[in-house]
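Participant: Got a structure for you, written out below as structure tokens; questions coming shortly.
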Amino acid sequence: MTPVPANVIEHVDRGPLTRDELAAIVARDIPAGSYVNLGIGQPTLVADHLSPEAGVVLHTENGMLGMGPAARGEDIDPDLTNAGKIPVTEMPGASYFHHADSFAMMRGGHLDVCVLGALQVSRHGDLANWHTGEPDAIPAVGGAMDLAIGAKDVFVMMDLFTKDGAAKLVSSCTYPLTGLRCVSRVYTEYAIIDIDTVAGAVRPRETFGTTVADLAARLPVGFG
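Positions 279 to 502 (our numbering) are the ones given, in order, by the sequence shown.
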């Protein structure tokens, strides 16, 4: 039996997290006052769960600082979108600029946190999220490489397993890499997992609808 590491919380009285619940947990873990970029896909949901009192400032690579939650109904402006072309709102003091300036912010180390989706994450924090390597697959790198190496902390939101049941948290990525040793924490429907990029250690913080022992049996990485 795999022992439960110290300080891990196992939520076995419920099922896996929904995407909105997961986004709320990510929002909870972002330090107050941070400058943050949210990647396309699941990460965009985080904007809907950030408290204005936290003072988190959202950045988008298409040239906006001070993005608010997703726009709905009469608040939708087709000219005001995030990098994923989802209509968004603006917070007081929001500013706009050329996307080259936006990438300079990313590459210059001015972002505290970025939240990205992933196809695979390795035990060393390597990230693969832009291409499966298949001949007919459509690559979609966007600004992921710039964010992966430019942000001080890289959080990943992803499903822990593929539709076929294969683990996406792996010993070594088999897909083309986005960045090396860059991911510090992985958020999934079954567990929140810290990654020590130096030691290559994978350490669960919380589990949802499962136990550490059950996850250890399904993942090709050991917890330590």
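Think of the CB as a built atom: it goes at the ideal place given N, C-alpha and C, for glycine as much as any other residue.
#1: Whose C-alpha, out of Y313, A349, D353, N340, is nearest the C-alpha of V334?
#2: For chain C, is any of its Cβ atoms less than 8 Å away from the one on V476?
#3: Helix or strand or just coil, what does DSSP make of M423?
#4: Alpha carbon to alpha carbon, what distance is there between C460 and D472?
#5: Can you tell me which of S380, V476, V432 puts its alpha carbon nearest to the alpha carbon of L343?
#6: Can you check which of these residues, E484, A494, L497, is closest to L300 by C-alpha distance?
#7: Among residues of its own chain, excluding the 5 on either side of G420, which ones have a beta-carbon nearer than 6 Å to its beta-carbon?
#8: To which residues of the same chain is V497 closer than 7 Å at the C-beta, ignoring the five residues directly before and after it?
#9: By DSSP's criteria, E288 is part of a beta bridge. Which residues make up the other side?
Facilitator: From the atom records:
#1: Y313
#2: No chain C is present in this structure, which holds just one protein chain.
#3: helix
#4: 12 Å
#5: S380
#6: E484
#7: none
#8: It is worth fixing the name first, because residue 497 is Leu in this sequence and not Val. If we look at L497 and ignore the five residues flanking it on each side, its Cβ neighbours are A445, L447.
#9: T485
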